[in-house]
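Residue numbers (my numbering): 17 to 267.
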């Protein structure tokens, strides 16, 4: 018969620790930054030191996991050669001295573009147009990044409203504690990402923290009245957040 086959170069478990830390690093940077351009992220100055310290700590853990993998790598190659037989291709395996470099990860920094930084031997009118275009692009990306904060908040509140609307014990009514704890963490992180100083976002975060973030997961599971009350509050706040998003999209 026919089929689709994949050759496993090293045991899946060999890279499990590295992949887990890859996921943690990506998730942390996504949570602690604003989306910018071309896969890049913007880290506000007020949270820069904390964000970089945590990111470097995760990179350090990852480097240790890579070093442990590299130490065992020759054994994995020997085992693969014995297991694969004629399918073994030495060219698919980097030499041991290149393994750690192949798994290297680093954070690179770039300054925000500024029209004033643009210099070119062009007529003044053309230079002015290019500078204005650069500035407009930065303003647009700032707006998109700020809208992403509202979307993250709206999605978390919407998820809570949807889950709590289903009574406990009914299909779809089960939830993990993270339904509440993730929302609390989001409310703690977003103020540092509010680079626009958006008062409406600050008010929304305060309302969410007061009405949704104080709920205990066990109470929401065991007390139908409390569950219904928080579900209604979440739905009301969700509608408000939708209004803010619609307003920002139209401006």
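Note that beta-carbon positions come from the ideal geometry of N, C-alpha and C, so glycine has one too.
| Item | Value |
| --- | --- |
| Segment limits, alpha helix (DSSP H) that includes residue 193 | Counting along the chain, residue 193 falls outside any alpha helix (DSSP H), and DSSP gives it neither H nor E. |
| Nearest neighbour of residue 107, chosen from 25, 53 and 252 [CA to CA] | 25 |
| Among 61, 72, 261 and 115, nearest to residue 89 - alpha-carbon criterion | 115 |
| C-alpha gap between residue 64 and residue 208, whole angstroms | 10 Å |
| Bridge-paired residues (DSSP) for residue 51 | 57 |
| Cβ contact (3+ pairs, closer than 8 Å) linking the region 26 to 42 and the region 169 to 189 | no |
| Residue 217, enclosing alpha helix (DSSP H) - first and last residue | 215 to 227 |
| Neighbourhood of residue 261 by C-beta distance below 8 Å, restricted to the same chain and skipping five residues each side | 163, 166, 167 and 170 |
| Cut-off 7 Å between Cβ atoms - residues of its own chain near residue 223, not counting five sequence neighbours on either side | 253 |
| Test item: CB-CB of residue 54 and residue 157 under 8 Å | no |
| For residue 197 and residue 56, the rounded distance between their alpha carbons | 27 Å |
| Per-residue burial, residue 132 [other beta carbons within 10 Å of its own, 16 or more giving buried] | Annotation note: pLDDT 49 at residue 132 (below 50); position unreliable, no value reported. |
| Contacting residues, own chain, Cβ-Cβ under 7 Å from residue 247 (five flanking each side not counted) | 177, 180 and 181 |
| Simplified DSSP state of residue 63, which is helix, strand or coil | helix |
| Buried or exposed by the 16-neighbour rule on C-beta atoms within 10 Å, applied to residue 93 | buried |
| Residue 26 in three-state terms, based on DSSP | coil |
| Three-state secondary structure assigned by DSSP to residue 93 | helix |
| Cβ neighbour criterion (16 or more within 10 Å) applied to residue 138 | Note on residue 138: pLDDT 49, under 50, position unreliable in the model; the coordinate value appears next. With fewer than 16 other Cβ atoms within 10 Å, it is exposed. |
| Exposed unless 16 or more other CB atoms sit within 10 angstroms - verdict on residue 67 | buried |
| Cα-Cα separation between residue 49 and residue 102, rounded to whole angstroms | 48 Å |
| Alpha helix (DSSP H) segment containing residue 110, residue limits | Where residue 110 is concerned, there is no enclosing alpha helix (DSSP H), given that its DSSP letter is neither H nor E. |
| Separation of residue 51 from residue 58, as counted between CA atoms | 6 Å |
| Where residue 252 sits in the DSSP three-state scheme | helix |
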